[in-house]
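A short write-up of the structure that comes next.
2 protein chains.
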Amino acid sequence: MKLGIFGFGVVGQGLYHVLQQSNSIQAEIEKFCIKDITKPRSLDKALFTDDKNELLHNDKIDVIVELIDDAEAAFEIVKEAMNRGKHVVSANKKMIAEHLEELLELQRKNKVSLLYEGSCCASIPIIRNLEEYYDNDLMTSLEGIFNGSTNFILTKMINESASYENVLKEAQDLGFAESDPTLDVEGIDARYKLCILLYHAFGLITNPDELFTLGITKINTFDIEFAQKNNYEIKLIARGKKVGDFIDATVLPTFVHQSSILAQTKNEYNAVILESAFSESQFLYGKGAGDKPTGSAVLSDISALGYGYRYEYKKASRTNNFALHEDFEMKVYVRFKDQHPNESDFIEVVEKYSGPDGNYWIGYVSRQKMKDAKWLEIPDLNVIALG
Amino acid sequence: MKLGIFGFGVVGQGLYHVLQQSNSIQAEIEKFCIKDITKPRSLDKALFTDDKNELLHNDKIDVIVELIDDAEAAFEIVKEAMNRGKHVVSANKKMIAEHLEELLELQRKNKVSLLYEGSCCASIPIIRNLEEYYDNDLMTSLEGIFNGSTNFILTKMINESASYENVLKEAQDLGFAESDPTLDVEGIDARYKLCILLYHAFGLITNPDELFTLGITKINTFDIEFAQKNNYEIKLIARGKKVGDFIDATVLPTFVHQSSILAQTKNEYNAVILESAFSESQFLYGKGAGDKPTGSAVLSDISALGYGYRYEYKKASRTNNFALHEDFEMKVYVRFKDQHPNESDFIEVVEKYSGPDGNYWIGYVSRQKMKDAKWLEIPDLNVIALG
């Protein structure tokens, strides 16, 4: 295999070195395409170009490895590569989640393989396991912690009783959170990954925007104290669950009991729990972000291309496909200061607390109704799922 | 696919029911072969026979699922099935580990597939991940807790400061340990699994007897207290590690720090940690024994046969194969009463303790020398690996 690689960040550089070491992966890097050709590089200048066509139009290159940030630019590269009969490896979750149907069609039409294990939970081989090991229709649920930055922030907040703002600042200083952390802290990054995994787990194609998502930005010290008093951790949980013929899928900050395995998933780690009829739950755990974990997933994809591997999307080829559904009841903790929701916004309120530092209600709501609820926008109001 | 199943224990019964529920797995049970045909069964009598040839000589049956205890009887069944061109699914670790080379040859010669995910850590899809996801030569180590019964016993001993004898009794009463627990508590069961996994991880074929193994039967309350004081858990750790061109592989009771992920693996759970160059460690966790976890692995194998899956044993087809090696230094804790080893049995003794309840030395030994060391047989002497 001859590889053309877009991007020469740490993943690209690591790939170069590890491919030199491996005897089993028969892949050679033909060229890197980079933005700034004038910047000094650690490798021979002849390996670099800033002209994408030098890779895309090069017939010697069989595989394009796309490692750039910009999802739209990545999509254009990937599309052209596939239309030119090249296989593609990508770790771009936004690009995959937003263009899934087109990417499926491009694979079919051009008879090429697109692999993207690095897009979901980096080093955890979750897509491959859903494709191969859980290839039957017996899977009942998939849930986990899909975003390392927010998990780092939440772990610190709980363990050190620190405020969201301070921990975010620390995470940014350590390089665990982007300078614009919106995608992470609003749950959007986790939602992209959930979107991709829902297709591999259940054959459900959905627009990421359709998945009900709440972020972690409104969590305050009152919420943290509530968690500590009740032996909870707060985790940003992405979840897809089969309910009859429907899929219930959300990304929500959630109280999980300290003894649970998801609560044990700390700092920048990711975890996935899979459940299927006839099997106990299965837990996968590893670093969910970072250059080495992502590089390792990309490498495994390249290696798999070496023996003609492609995703078969077995669940999607079934006739009894599932639809996304919102008409579910859910238990929530709603914390507020002065202004509160109406009781009629709840199916039932089962606990009410008021005190000098804040107030909360615990009760059952309809997700359908909550999705467009105005009361979610009340200042100083925060929602955390329970159980 | 038409299945012939040997054994109608809980796994066989569960398989029957789950195959009824699944639309995606196109497999039908043709017949069960059981020992006692007179025993009343929950299904139609016509589904049962006590004549193995009714399955093995039946041309309608494409797949034999072997779920019996007796490893030698299982091997005869599996061999004949494969020689008759049938694919085989088995969960019999002893049979696989002891007959690996013959089974490889039978697969090659008859062009059939033999799958045995259920033989190692039940519901954890470890073999499939080693075959497919970690299919390159970059894996550096594999370690974990491969035996649920001993892990249950060790968890109880540490958490409840209970004696080995009492906890073993409790485990037997609960059905977590066999009435003859030797295979489990002497580390032999874990060794079979390690033996199988060494082949899939590194392409190393080895006789299970060659792997240096110590059991947990000699652990006493002195050892438990030592663990507690030092924030350790004791775990029976199976490990295979690449060291240059060699593989270092052992099954040993080991002190692991309470904060480590293997220490968090409690009770009957199993865990595997994989490490490879260029990747952070990857952790897989799930129930390692029991009918449902095993059944789920067997089911996934059956499902994989539906699309022609077979192990490719990619690591074994490499030229630079690894050899097992014993000439390694290891750090051990040796606890004793009156009689102790000679200091010359150690490379170096770094700590010595003596007290009213027992004595211990901590130091470095040569595995090579320890393998045949007479001092291991001293009564009231126990060895636990450190780090």
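In order, the protein sequence lines correspond to chains H and R.
Residue 1 is where the first sequence starts when you use UniProt numbering, and the numbers rise one by one after that.
Residue 1 is where the second sequence starts when you use UniProt numbering, and the numbers rise one by one after that.
Even for Gly, the Cβ is constructed at its ideal location relative to N, Cα and C.
Model, not experiment: these values are computed from the prediction.
For the set VAL63/H, LEU104/H and GLU72/H, the Cα lying nearest the Cα of HIS200/H is the one of LEU104/H. Within chain H, no C-beta atom comes less than 7 Å from the C-beta of ILE219/R; the nearest is roughly 26 Å away. As the crow flies, the alpha-carbon of THR140/H is around 17 Å from that of ILE124/R.
Its chain contains GLN172 as the residues whose beta carbon lies nearer than 7 Å to that of SER179/H, once the 5 sequence neighbours on both sides are disregarded; these appear in chain order.
Taking each of ILE205/R, LEU198/R, TYR307/R and GLU326/R in turn and checking the Cα distance to VAL272/R, the smallest one comes out for LEU198/R.
Annotation: the continuous alpha helix (DSSP H) that includes HIS200/H extends over 188–202. Note on geometry: alpha-carbon atoms of ILE126/H and LEU142/H lie some 10 Å from one another. Here DSSP, grouped into helix, strand and coil, assigns LYS229/R to helix. The contact set of VAL18/R on chain H, defined by CB atoms closer than 8 Å, consists of LEU138, ALA277 and PHE278 in chain order.
Apart from sequence neighbours up to five positions away, the residues of its chain that approach LEU130/R with a beta-carbon distance below 6 Å are HIS200 and ALA201, ordered along the chain. Within chain H, the C-beta atoms nearer than 7 Å to that of ILE25/R come from ASN136, in chain order. For LEU183/R, there is no enclosing beta strand (DSSP E); the enclosing alpha helix (DSSP H) has its first and last residue at 182–185. A straight line joining the alpha-carbon of ILE247/H with that of PHE336/H spans about 31 Å. Here the alpha carbon of ALA385/R sits roughly 15 Å from the alpha carbon of GLN228/R. Taking a contact as a CB-CB distance under 8 Å, the pair LEU194/H and LEU211/H counts as one, their CB atoms being some 6 Å apart. At a beta-carbon threshold of 7 Å, the residues of chain H lying near TYR285/R are PHE283 and TYR285, ordered along the chain.
Of the candidates THR250/H, THR182/H and ALA177/H, THR250/H places its Cα closest to the Cα of ASN207/H. Pairing VAL89/H with ALA81/H gives a Cβ-Cβ distance that is not under 7 Å.
Residue pairing from DSSP places GLY4/H in a beta bridge opposite LYS31/H and ILE64/H. Using a CB distance cut-off of 7 Å, ARG128/R counts as an interface residue toward chain H.
Annotation: the continuous beta strand (DSSP E) that includes THR140/R extends over 139–145. For SER300/R, the nearest beta carbon of chain H is closer than 7 Å to its own beta carbon. The beta carbon of MET1/R lies closer than 8 Å to those of GLN26, ALA27, GLU28, ASP62, VAL63, ILE302, LEU305 and GLY306 in the same chain, with the five residues before and after it left out. The alpha helix (DSSP H) runs of length 4 or more contained entirely in the segment 277–356 of chain H are, from start to end of the chain, 291–305. Near chain H, meaning a CB-to-CB distance below 8 Å, the residues of the segment 241–274 of chain R are ILE261 and GLN264. Of the other Cβ atoms in all chains shown, fewer than 16 fall within 10 Å of the Cβ of GLN20/R; this residue is therefore exposed. Distance check between ASP50/H and each of HIS340/H, ASP36/H, THR155/H and LEU56/H places ASP36/H closest, using alpha-carbon atoms only. Neighbourhood of GLN368/R in chain H, by CB distance below 7 Å: empty, with the nearest CB roughly 29 Å away. For THR155/H, the closest of ASP245/H, LYS241/H and GLU233/H by C-alpha to C-alpha distance is GLU233/H.
Around the CB of GLN339/H, fewer than 16 other CB atoms lie within 10 Å, so the residue is classed as exposed. Residues of the segment 92–121 of chain H with a C-beta atom less than 9 Å from some C-beta of chain R are GLU117, listed in chain order. No Cβ of chain H is located within less than 7 Å of the beta carbon of SER90/R. The C-beta of ARG108/R has fewer than 16 other C-beta atoms within 10 Å across all chains shown, which makes the residue exposed. Per DSSP, ALA385/R is one residue of the beta strand (DSSP E) stretching across 382–386.
Listed along chain R is no residue with a C-beta nearer than 9 Å to that of TYR199/H; the closest approach is about 16 Å. DSSP, reduced to helix, strand and coil, places SER42/H outside both helices and strands of the structure shown, so it counts as coil.
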